[in-house]
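Accompanying notes for the structure given below.
Numbering (our numbering), first residue to last: 3 to 308.
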């Protein structure tokens with residue numbers, strides 16, 4: 003097969019992909035190779051010594067959330083004693099926004115590419131403000147993660163079962179036509195997501211206050227749909243990965259220190275360079291000097307072409 007033929011096959015597999023959101027489950031129950039002492043993170047492989055502050059903070063929060071550590075000090079000790087292992091989300095069929103930290107008991111969206119049979123996963127979006135994906139791990143951040151695990155995910159999972167699966171390719175096409183770009187702007191996509199889920203959520207038997215909280219989560223978090231969109235794009239790009247001779251880039255990701263890409267025909271090799279520091283607006287009291295190099299798996303959306 004020539005390079006052109008290999009690339010045409012890769013592109014065709016992306017176009018033929020049918021990513022469907024089929025459910026929500028514990029990461030350890032569905033992500034291949036997931037275990038309690040494994041922390042998945044965004045971007046290419048990285049060691050603790052080279053992690054930026056936001057990624058380190060998210061790792062600490064993840065270890066506390068899992069009950070493996072009680073505080074920053076005990077979490078650091080676990081890492082120093084090599085009782086914790088790290089791996090990119092991408093190595094396990096997953097993607098995560100910003101720090102992307104994914105741990106064993108966190109709930110994840112399950113995307114099934116019905117054209118090719120592969121699956122992809124992503125954690126639920128926490129919302130805005132002080133969150134784990136930015137490196138925060140205070141009590142209120144951990145309480146939010148527990149609510150997502152214990153209340154939100156079960157209710158949404160039951161609703162998704164009732165739908166028979168949501169066609170994410172159709173949802174993405176609609177949200178783009180409505181002004182979204184599928185990465186930073188997801189107002190329309192989240193509105194569509196909420197509209198599709200709400201009637202089924204109402205029929206799940208969820209206690210009234212919990213149901214109201216889940217619907218409020220969808221109504222107030224414009225980023226709610228980002229994570230399943232990311233997983234849908236991951237499922238599409240994985241279908242195009244591993245084609246001998248193809249030069250198509252199937253992954254772009256950042257870990258807060260390095261930016262990395264993977265190429266279809268080069269299997270699981272990473273090609274990395276220093277991540278750039280974004281230039282943008284800041285909250286009062288912060289300046290460009292406080293900015294961190296770019297971080298997150300969310301560039302899988304651009305990789306997939308949206």
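We treat Cβ as the ideally placed atom computed from N, Cα and C, and that holds for glycine.
Write down the C-beta distance between residue i and residue j rounded to the nearest angstrom, noting that I regard them as a contact closer than 8 Å.
{"i": "residue 47", "j": "residue 124", "result": "Actually they are not in contact, since the Cβ atoms of residue 47 and residue 124 sit about 19 Å apart, beyond 8 Å."}
{"i": "residue 234", "j": "residue 62", "result": "Wrong, their Cβ atoms sit about 30 Å apart, outside the cutoff."}
{"i": "residue 5", "j": "residue 247", "result": "5 Å"}
{"i": "residue 253", "j": "residue 92", "result": "6 Å"}
{"i": "residue 160", "j": "residue 206", "result": "4 Å"}
Does residue i come out as helix, strand or coil in the three-state DSSP assignment?
{"i": "residue 251", "result": "strand"}
{"i": "residue 310", "result": "There is no way to answer for residue 310, as the model of the chain reaches only from 3 to 308."}
{"i": "residue 267", "result": "helix"}
{"i": "residue 281", "result": "coil"}
{"i": "residue 12", "result": "helix"}
{"i": "residue 27", "result": "strand"}
{"i": "residue 295", "result": "coil"}
{"i": "residue 219", "result": "helix"}
{"i": "residue 125", "result": "strand"}
{"i": "residue 257", "result": "strand"}
{"i": "residue 301", "result": "coil"}
{"i": "residue 231", "result": "helix"}
{"i": "residue 275", "result": "strand"}
{"i": "residue 32", "result": "helix"}
{"i": "residue 133", "result": "coil"}
Quick one, are the C-beta atoms of residue i and residue j less than 8 Å apart?
{"i": "residue 245", "j": "residue 11", "result": "yes"}
{"i": "residue 147", "j": "residue 26", "result": "no"}
{"i": "residue 117", "j": "residue 266", "result": "no"}
{"i": "residue 45", "j": "residue 287", "result": "no"}
{"i": "residue 16", "j": "residue 180", "result": "no"}
{"i": "residue 190", "j": "residue 104", "result": "no"}
{"i": "residue 136", "j": "residue 126", "result": "no"}
{"i": "residue 174", "j": "residue 308", "result": "yes"}
{"i": "residue 90", "j": "residue 237", "result": "no"}
{"i": "residue 177", "j": "residue 194", "result": "yes"}
{"i": "residue 59", "j": "residue 145", "result": "no"}
{"i": "residue 249", "j": "residue 227", "result": "no"}
{"i": "residue 72", "j": "residue 241", "result": "no"}
{"i": "residue 276", "j": "residue 260", "result": "yes"}
{"i": "residue 225", "j": "residue 257", "result": "no"}
{"i": "residue 298", "j": "residue 100", "result": "yes"}
{"i": "residue 232", "j": "residue 300", "result": "yes"}
{"i": "residue 264", "j": "residue 202", "result": "no"}
{"i": "residue 143", "j": "residue 150", "result": "no"}
{"i": "residue 304", "j": "residue 185", "result": "yes"}
{"i": "residue 220", "j": "residue 204", "result": "no"}
{"i": "residue 106", "j": "residue 68", "result": "yes"}
Determine, using beta carbons only, whether residue i comes closer than 8 Å to chain C.
{"i": "residue 99", "result": "The displayed structure is made up of one protein chain only, and chain C is not part of it."}
Any 3 or more C-beta pairs closer than 8 Å across the segment 96-109 and the segment 21-39: Enough Cβ pairs lie closer than 8 Å, so yes.
In chain order, each alpha helix (DSSP H) run of at least 4 residues that lies wholly inside the segment 150-217: With a minimum length of 4 residues, the continuous alpha helix (DSSP H) runs that stay inside the segment 150-217 are 155-165, 170-179, 189-203.
Touch test, the segment 205-217 against the segment 152-161, Cβ-Cβ under 8 Å, three pairs minimum: yes
Segment contact, 8 Å Cβ cut-off, at least three pairs: the segment 129-138 with the segment 162-179: no
The segment 48-58 / the segment 283-297 touching (three or more Cβ pairs under 8 Å): yes
Segments assigned alpha helix (DSSP H), at least 4 residues, entirely inside the segment 35-117: 55-67, 74-82
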